[in-house]
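For the sequence shown, the positions run 134 to 790 when the working numbering is used.
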Amino acid sequence: MEPSKISDQLVSLNFLALNNHDFNFEIYRSVSNAQSAIERGEDNSIRRYKLPQMHEAGNNDQAFSDYLVSINKVNGFDPFMVNSFDNPYLTCFYLYHRLLAQAKTSSHKDTFYEDDSYRHVINFILSKDEYGKECVGLEPYYYGPKKHFGYITGFHYKSDLNVVNRQILIKSLSLSRDGRENKDYYVDHFRKIEEFLSSFRKHLFPMHISDGYSLDVIWPSEGINTIRLNSKSYLFSDGKNSNSQFKGMKDYGPLEQSHGDPLICFFYRQEDKPYAYDLNNALQGKTFATFSGFTNMFRLTITKENIRGIAIDNFDTPQLLSAIEKYKTISKDRLSIPVIIFPWSKLEQSVDGNDIYYRLKHVFLSQKIPTQLVSLQRLKNKESLKWSASNIALAIFGKLGGKPWKVSPRHDKCLIIGIGQSHRRDSSGSISKYFAYSVLSDSSGIYDSIRILSHTEKRKDYLDGLVENIKSVLCEYTDRYERFVVHTPFKLRRDEMNAIFEALNSYKKNEGCNKTLVVLKFNEKSKYFGFALTNNSKVPFESTCLSLGKDGYLVWFEGLQYHNPTLRRRISRPMHIEFTYPTKQSSGTDDGFLADDDKIAYIQDAINLSGANWRGFNAKTLPVSVYYAKLIADYIGNFDRLGLEEIDIQNLPPWFL
């Protein structure tokens with residue numbers, strides 16, 4: 134695979150950069166013991182920071198000490214003039230308090246509110262309606278690569294409802310005003326920021342800091358150089374290569390065929406039987422020109438002898454168990470899969486339908502039977518069925534044990550360990566049982582297995598289990614792989630991350646001294662956004678990568694296509710990726726760190742893995758290591774919510790497709 138290239142595309146962050154970044158401001162400080170607790174003060178404005186003991190002109194090697202710092206006067210604290218670059222964390226803290234003070238003195242109290250999370254965000258309200266509030270948030274930020282201070286900004290809709298419906302999706306810009314997929318998602322977000330500036334800028338900026346000196350903001354922010362990562366390449370039968378999943382499958386056939394003579398068994402209510410025929414005809418390629426059928430696409434012969442049907446009265450558990458016994462009698466030891474015509478759609482947000490869906494899935498999984506559910510609404514809508522028939526067939530093929538394709542990886546002999554979690558919570562919201570697992574695949578995206586990493590009621594036991602079972606996975610695969618790359622979700626807590634680091638350090642010290650170990654943390658809902666100002670859509674090209682400094686990157690797993698600048702669907706937000714291992718803090722050493730080119734190579738593998746999703750053609754927003762773990766968490770969480778028995782999710786084909 135060719136190396137990544139510097140792109141001529143500039144991307145502007147959702148960043149209100151200050152017009153000056155080198156400035157002084159006054160704080161109040163007192164020498165602090167780094168181990169002592171911090172009294173935050175009544176206004177929560179006291180923090181601990183490292184600062185120079187004194188300022189000496191031209192001295193770049195000044196001694197720093199720990200100080201308790203307050204933005205406001207405090208008894209026993211001495212005034213001290215700080216330069217913005219003495220401690221960027223303090224400068225951001227200062228900018229937050231200055232903006233908050235400015236908002237309180239120049240804006241009505243009903244036009245803004247402080248975020249109740251750990252982040253220092255001030256939300257300004259653009260408008261209100263019966264569903265909630267349109268808001269633009271500002272959070273102080275230091276962009277390290279350019280040494281720029283300012284405010285990360287972004288639009289969000291704060292709903293007052295407990296459900297997500299069509300109106301909420303329109304208000305949040307996910308859907309367009311006519312209720313369709315919003316292809317102007319990036320343009321609309323850009324305009325909301327400009328709407329905020331039009332309404333609030335004159336009240337907030339210029340912002341006074343000291344001695345008559347003020348700071349203003351610049352929008353849009355200065356364009357940032359980006360890296361163009363390689364497009365995904367897919368491998369099919371006999372190693373044939375294509376840049377398109379669909380065309381490659383059609384031209385060359387699947388990477389690996391399912392074994393045996395498969396049986397597809399349709400489950401349906403008697404009144405829905407005609408729709409089972411419609412679905413079968415669509416899967417055989419007899420209905421739509423958009424899908425030529427199982428035989429032509431997957432080289433899988435499906436005749437009348439491969440099709441069975443079982444009628445059921447309802448979806449109650451006893452009825453399903455009885456139907457499963459009939460299914461087992463019909464299928465015997467034959468490779469088979471139930472395809473169930475389900476009268477509810479997950480998109481309807483029906484509580485009853487949602488619960489029945491997960492109960493049904495649980496009944497079959499408890500018998501170690503993967504299923505494919507197809508909603509009745511989709512079958513009644515011929516246009517919807519037309520475009521989804523190929524994806525339904527793809528999921529069935531994967532659950533039958535077939536391997537449709539793999540991606541061309543940057544690293545060979547590399548095991549990807551996707552970490553997922555689904556903790557059970559009691560009525561008070563406290564965790565009553567901890568559950569973590571891993572989804573294993575190689576860097577080409579070939580699914581291997583699911584492994585339980587820890588499952589217990591006590592947090593200490595849970596963390597100990599994480600350490601031991603991650604080490605166990607590494608040791609088990611040590612002869613097959615030279616690299617082990619862990620993909621974690623953003624929501625993992627610090628002690629969970631430390632448990633992962635402990636497992637890697639222990640393995641590295643003993644069995645894995647010659648192995649390469651890397652951990653990447655993924656956040657698909659981060660505060661970061663970006664705009665390609667030269668494109669009418671404001672959408673950067675697919676596979677664009679932007680450095681956030683140190684170990685952070687912003688990556689567009691999907692985006693504008695180089696060969697076709699017309700958007701056909703909504704493009705999702707960029708992914709924030711952070712390298713958390715090896716670092717000095719996580720590995721406990723001063724060497725073995727990744728060079729920038731190495732980091733880009735691992736990001737390339739992550740982008741490639743987003744194309745290994747067998748849940749649908751062109752379903753490529755997330756790497757499968759993260760996406761599959763997310764799907765499993767959703768299933769397990771709903772099983773727990775419904776009080777269903779725990780089941781063994783291991784040793785099955787990819788049932789979650």
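Beta carbons: idealized from backbone N, C-alpha and C, even for Gly.
By the neighbour-count criterion, in which 16 or more other beta carbons inside 10 Å mark a residue as buried, P395 falls on the buried side. If the five residues before and after I782 are omitted, its C-beta is found closer than 6 Å to the C-beta atoms of I583, all from its own chain and listed in chain order.
Around the beta carbon of F218, fewer than 16 other beta carbons lie within 10 angstroms, which makes this residue exposed. For C646, the three-state secondary structure derived from DSSP is coil. As DSSP reads the structure, N216 sits in a beta bridge with N157. Per DSSP, V757 has no beta bridge partner at all. Between the alpha carbons of N298 and I740 lies a distance of about 31 Å. Distance from the Cα of D344 is smallest, within the candidate group M214, L785, S169, G770, for M214. A straight-line Cα-Cα distance of about 29 Å links Y182 and V269. Along the length of the region 345-423, whole beta strand (DSSP E) runs at least 3 residues long occupy 346-348, 357-361, 396-402, reported in chain order.
Looking at the backbone, the Cα of I549 and that of I585 are separated by about 15 Å. Separation of I342 and L348 (C-alpha to C-alpha, rounded to the nearest whole angstrom) is 7 Å. For F475 against L506, the beta-carbon gap comes to about 5 Å, under 8 Å, which counts as contact. In the DSSP annotation of this structure, the continuous segment of the alpha helix (DSSP H) that includes M430 starts and ends at 427-431.
Distance from the CA of G442 to the CA of F448, rounded to the nearest whole angstrom, comes to 16 Å. Between the C-alpha atoms of L306 and R324 there is a straight-line separation of about 11 Å. For H289, the enclosing beta strand (DSSP E) starts and ends at 281-292.
Per the C-alpha coordinates, the member of I463, I633, S560 positioned closest to S719 is I633.
DSSP places S517 inside the alpha helix (DSSP H), whose first and last residues are 515-532. Pairing K261 with G776, the inter-Cα distance amounts to about 38 Å.
Under DSSP, the beta-bridge partners assigned to K183 are D199.
Here L693 has A665, N668, S670, V672, P673, F674, E675, L700, I704 as same chain residues with Cβ atoms under 8 Å from its own Cβ, once five neighbours each way along the sequence are excluded. Residue range 580-589 is occupied by the beta strand (DSSP E) that includes S582.
The C-alpha of C646 is placed about 42 Å away from the C-alpha of L201.
The three-state secondary structure of Y229, taken from DSSP, is helix. With at least 16 other beta carbons inside 10 angstroms of its own, G386 counts as buried. Taking C-alpha positions only, S576 is separated from N429 by approximately 28 Å.
Rounded to whole angstroms, the gap between the alpha carbons of K242 and N784 is 57 Å.
Cβ-Cβ separation between G663 and V320: approximately 13 Å, too far for a contact (criterion under 8 Å).
Annotated three-state conformation of K465 is coil, per DSSP. A distance below 8 Å between beta-carbons, with the five flanking residues on each side excluded, links Q452 to the following residues of its chain, in chain order: I445, D446. Beta-bridge partners assigned by DSSP to A444: Y401. Collapsing the DSSP output to three states places F475 in a strand. Put simply, of S483, D411, I502, R492 the residue whose alpha carbon is nearest the alpha carbon of S469 is I502.
Comparing alpha-carbon positions, the option among K539, T504, L149, L416 lying closest to N376 turns out to be K539. Its chain contains Y264, G265, I301 as the residues whose beta carbon lies nearer than 7 Å to that of S292, once the 5 sequence neighbours on both sides are disregarded; these appear in chain order.
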